[in-house]
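See below for the structure under consideration.
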Amino acid sequence: MTSRDLTAGWVAWTRASFLRFEWLRGYTLLSPAILTMFCLLALPIFTLVTYSFWSQTYVYIDQSFTLKNYETFFDKWIYGKLLLRSIRMSATVTVITILLAYPVAYFLAFRVTRNKMTWLILINIPFVTSYLLRVLAWKIMLGNNGVINGTLEGLGFIEEPLEYLLYSRFAVVLTLAHAWAAFAILPIYVSLQKIDRSLLEAAADLGDGPVKRFLRITLPLSMPGVIAAAVIEFIPTVGDYITPVMVGGPKGVMIGQIVAAQFGAANNWPLGAALTIIIMISITAIVCTFIWFARLGTVKARDMEITTTAPRPVDRTRRGIDWLLLYVILYLAFLYIPSVMLPVFSFNDSIQMVLPLKDFTFKWYAALADHAGLQSALFNSLKVALPVAATTTILAIFAGKALTRYRMPGRGLAIGFILIPMVMPGIILAVGLLVLALAVGMPLSLWAVGVAHVVTTLPFATLVVMARLEGFSRNIEEASRDLGVGGFMTFWRVTFPLILPAVVASFLLTFTASFDEFLFAFFLGGNQVTLPVFIWTQVRFPQTLPSVLALGALIFMVSIILIVTAEFFRRSGDKHVVTPADGFR
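Residue numbers (our numbering): 756 to 1340.
Encoded structure:
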C-alpha cells in the first residue's frame, strides 16, 4: 500500500468520523477558543504555581523547590491582615451593591413592559466610560473641595470639609460599589424575569399582600440571580488594583496593591506568585462555601406550595407617588454623576478641580491636538483594539456555533471555562500573563497586551453571538442542508447574514473594551504606552489633569456612539429573525 493510499484512507476515515460523531464536529469548531483559553488562562496559572515554589535574591531566581514564600505569608502578619481587609471590604461592596441593585432589577422585570432593552442600555451607558476615568471622577468629587463637600458646605450642613471622604476605606467601597453596579443588576434581573407570574397571581388571589408575596415567592425564586451577582461582585473586587491606589490612601490599601508591588518595586516575583495563589485559594474556598450555604436555602419553582390564610381582595390600583420609579431615577443619577463630571470640569478654566467653577473654556480640548504623547498613545490603542476585536469576534463565532448547534458532552464545562475571565480578579490574570510572557521569552509590547485582551474579551463576545444563534430557528439551516447545500455554504449564505448584527455588536463591544483597558496594558505594554496608561501617567499632575478630563469626555461620547450603533445593528437584525416558535416558513 502506497503513502498515497494511506493518505486517502485517513482522509476518508476522518470524513466518516465527522459525519458520524456530532460532538467531534462541535469540538472541532470550539477548539480554537478552548486552545486560546488554555494557553492564556491555564498556563499563566500553572506558571504562577511553579514560580511560587522558587525563591529570588535581587535579580537572581533560584529554581530549587522551597516553601519559603508561603512561610513568609504566615510569618508576616501584614499579608494576612491585608487579605482579610480586602475580603471584608469586598464583602461589604457585594452586600451594598446587591441591596441597591435589587429594586432596579425588580423594576425592570415587573414594572417595565416595553423597551426593556432601552432601560438596560441606560443602565450600562455610564460603564462604557473608562474604569480609570470613573475612579478619577470619584476622586475629584470626594476631595476636600470636591462636589460633595462643596455642596454640603453650600447648603450649610457642614462647616468644614469631611476629610474622611477621600483616601479611606469609605472611598474605596463607594467607588467599587458604583463601578460594579451593572454586574449586580443584570443577573438578578434575568432571575426575576424567569419567575412564573401565575405563582404571584395565585398568591394574590388567595389573599397574600405584596410584602408576603415578595418574601415567600419572589425573593426565594430570585436567589439564583442574587447568588450569581454576589459571586460576580465579590471575586473581582477582592483583587482590585486601580481603585485603592487612586482613592484608598494608606487606610484603603488592599492585597492587590501588594501583589503588584512584588512584580514591580519590590522585585520579588516568587513571593508575588505565592500571594496570588493564596488569594485564589482563599477566594475559591469562600465562594464555594457561600454557594453551598446559599443553595441550601434557595427555593425552586417545583418546590413552591402556596398556602395562605383566608383570602382577601387585592387592590391592584396604584395611587400617589411611584416610589420604586423614583428610586430607579435616583439610582440612575448615582450611576451617571461620575461620567457627567468629566465634561463639566473639562470646560472649567482652571487646573484646580474644585467648586465653584471658573470661566467657560475650550482650551483644554484645543491642547489635545498638540500633544505628541497623546497621539502616539491613541495610535497604540487603535493598533491593539482593532486586531483584538477582529480576532475575538472570529473566535466567538466558532465557539458560539459549536455551543448552540451541536450536542457535546461537557458543554457546560466548556462554557464555564470560557467565561472564567469574567469573574477572575484582573490583577491575578495580569501578573500570570506577565510571568508567562517572560518565561517563554515574549517581550513586553503591544503584542502581549493584545494577547491578554483576547482572553478577557472572548467571554463577552461569545455570549453575544450565542444569544443571537439561540434567537432563531434551526429549521432554516436544516432546510438549506435538505436542499443539498453544504455545511459551509449554509453557514455563509443563511446563518452568517442572520447573526451579522451580533457580529457587528461583538466587534464594537470588544473594540471598546480593549481600547479602554488599563491593567493589562500597564503590566504587559513595556515602553509602548496605550491611551489608558497615558491617562494614568497624566492624572498625577495638576497642570495636565484638565486635558485628561477633556480626553475622557471625548472617549465617553465616542463610546456612547459605539454602544448605540451596536444596539442599532442588534435591533435591525431582530426584525428579520425567525424564532423557534415561528418555525420555517
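For glycine and all other residues, C-beta sits at the position ideal for the given N, C-alpha and C. Bear in mind that the values here come from a model prediction, so they are computed numbers and not experimental data.
Between residue 1193 and residue 1281, how many whole angstroms is the CB-CB distance? I'm expecting something under 8 Å.
Between residue 1281 and residue 1193 the Cβ distance is about 11 Å, and since that is not below 8 Å, they are no contact.
Assign residue 824 to one of three DSSP states: helix, strand, or coil.
Taken through DSSP and simplified to helix, strand or coil, residue 824 comes out as helix.
Among residues of its own chain, excluding the 5 on either side of residue 1283, which ones have a beta-carbon nearer than 7 Å to its beta-carbon?
Excluding residues within five positions, the ones whose Cβ falls inside 7 Å are 1135, 1200, 1201.
In chain order, what residues of the same chain lie with their CB nearer than 6 Å to the CB of residue 884, ignoring the 5 residues before and after it?
The answer, listed in chain order, is 1094, 1311.
Identified DSSP bridge partners for residue 815:
For residue 815, which the question treats as bridged, DSSP gives the partners 812.
Should residue 832 go down as buried or exposed, given a rule of 16 or more other Cβ atoms within 10 Å for buried?
Note on residue 832: under 16 other CB atoms within 10 angstroms of its CB, so exposed under the neighbour-count rule.
If you follow the alpha helix (DSSP H) that residue 1188 is part of, which residue opens it and which one closes it?
Here the alpha helix (DSSP H) through residue 1188 covers 1181-1194.
Taking residue 807 and residue 824 to be in contact with their CB atoms under 8 Å, please state how far apart those CB atoms are, rounded to whole angstroms.
Right, their Cβ atoms sit about 6 Å apart.
Beta bridge counterpart(s) of residue 862 as assigned by DSSP
When DSSP reads this structure, residue 862 sits in no beta bridge, so it has no partner.
Please state the DSSP three-state secondary structure of residue 1123.
Residue state, collapsed to three classes: helix.
To which residues does DSSP link residue 1103 through a beta bridge?
BP columns for residue 1103 point to 1115.
Out of curiosity, what's the CA-to-CA distance linking residue 1152 and residue 802?
Take the alpha-carbon of residue 1152 and the one of residue 802: they are about 30 Å apart.
For the alpha helix (DSSP H) containing residue 879, list its first residue and its last residue.
Residue 879 -> alpha helix (DSSP H) spans 871-879.
Residue 1304 to residue 929, Cα distance in whole Å?
Looking at the backbone, the Cα of residue 1304 and that of residue 929 are separated by about 21 Å.
Which residues mark the beginning and the end of the alpha helix (DSSP H) in which residue 1231 is found?
Boundaries of the alpha helix (DSSP H) harbouring residue 1231: 1230-1237, taken from the DSSP string.
Cβ shell of residue 1061 (< 6 Å), same chain only, five flanking positions each side left out
Confidence in residue 1061 is poor, its pLDDT being 40 and thus under 50, which makes the residue's placement unreliable; the coordinate value appears in the next sentence. Closer than 6 Å at Cβ, skipping near neighbours: 957, 958.
Residue 1021 - DSSP class collapsed to helix/strand/coil:
The answer is coil: DSSP assigns residue 1021 none of H, G, I, E or B.
Pairwise C-alpha distance: residue 1104 and residue 1115:
Cα to Cα, the separation comes out at about 6 Å.
Could you check if residue 1204 is buried or exposed, using at least 16 other CB atoms within 10 Å of its CB as the buried criterion?
Here residue 1204 is buried: its Cβ has 16 or more other Cβ atoms, across all protein chains shown, within 10 Å.
Helix, strand or coil at residue 921 according to DSSP, with G and I counted as helix:
It is coil, neither helix nor strand.
Which residues in the same chain as residue 1064 place their Cβ atom closer than 8 Å to its Cβ, once the five residues preceding and following it in sequence are excluded?
Because residue 1064 sits at a pLDDT of 38, beneath the cut-off of 50, its placement in the model cannot be relied upon, and the following sentence gives the value as read from the coordinates. 962.
Which residue wins for smallest C-alpha separation from residue 1210, given the options 1299, 1040, 1038, 1148?
The residue with the shortest Cα to Cα distance from residue 1210 is 1148.
Suppose you measure from the CA of residue 1078 to the CA of residue 1298; what does that come to, to the nearest Å?
Going by the C-alpha atoms only, they are around 44 Å apart.
DSSP-derived helix/strand/coil call for residue 1047:
Helix, per DSSP.
Whose CA, out of 1216, 1178, 857, lies closest to the CA of residue 1268?
Nearest C-alpha to residue 1268: 1216.
Inter-stretch contact at 8 Å, needing at least 3 Cβ pairs: the segment 914-924 / the segment 994-1012
Contact between the segment 914-924 and the segment 994-1012 is present, because at least three Cβ pairs lie under 8 Å.
Within the chosen definition, does the segment 904-912 reach the segment 936-944 through at least 3 CB pairs nearer than 8 Å?
By the Cβ criterion, the segment 904-912 is not in contact with the segment 936-944, since fewer than three pairs of Cβ atoms, one from each stretch, lie closer than 8 Å.
Which whole-angstrom value is the C-beta distance of residue 1273 and residue 857, which I expect to be below 8 Å?
Contact doesn't hold; Cβ gap of about 30 Å is too wide.
Grouping DSSP H, G and I as helix and E and B as strand, with all else coil, what is residue 703?
Given that the chain is displayed from residue 756 to residue 1340, the structure contains no residue 703 and the question cannot be resolved.
How about the segment 861-878 and the segment 1015-1024: do they share at least three Cβ pairs that are nearer than 8 Å?
No, because fewer than three Cβ pairs between the segment 861-878 and the segment 1015-1024 fall closer than 8 Å, the two stretches do not touch.
Please tell me whether residue 792 and residue 891 are closer than 8 Å, where the distance is taken between their beta carbons.
No.
Taking C-beta to C-beta, are residue 895 and residue 1035 nearer than 8 Å?
No.
Let me confirm a value: residue 953 is counted as buried when at least 16 other C-beta atoms fall within 10 Å, else exposed. Which label applies?
With fewer than 16 other Cβ atoms inside 10 Å of its own Cβ, residue 953 counts as exposed.
Under the three-state DSSP convention, the category residue 1076 falls into
DSSP places residue 1076 in coil when its eight states are reduced to three.
So, with DSSP's three-state summary, where would you put residue 971?
Helix at residue 971.
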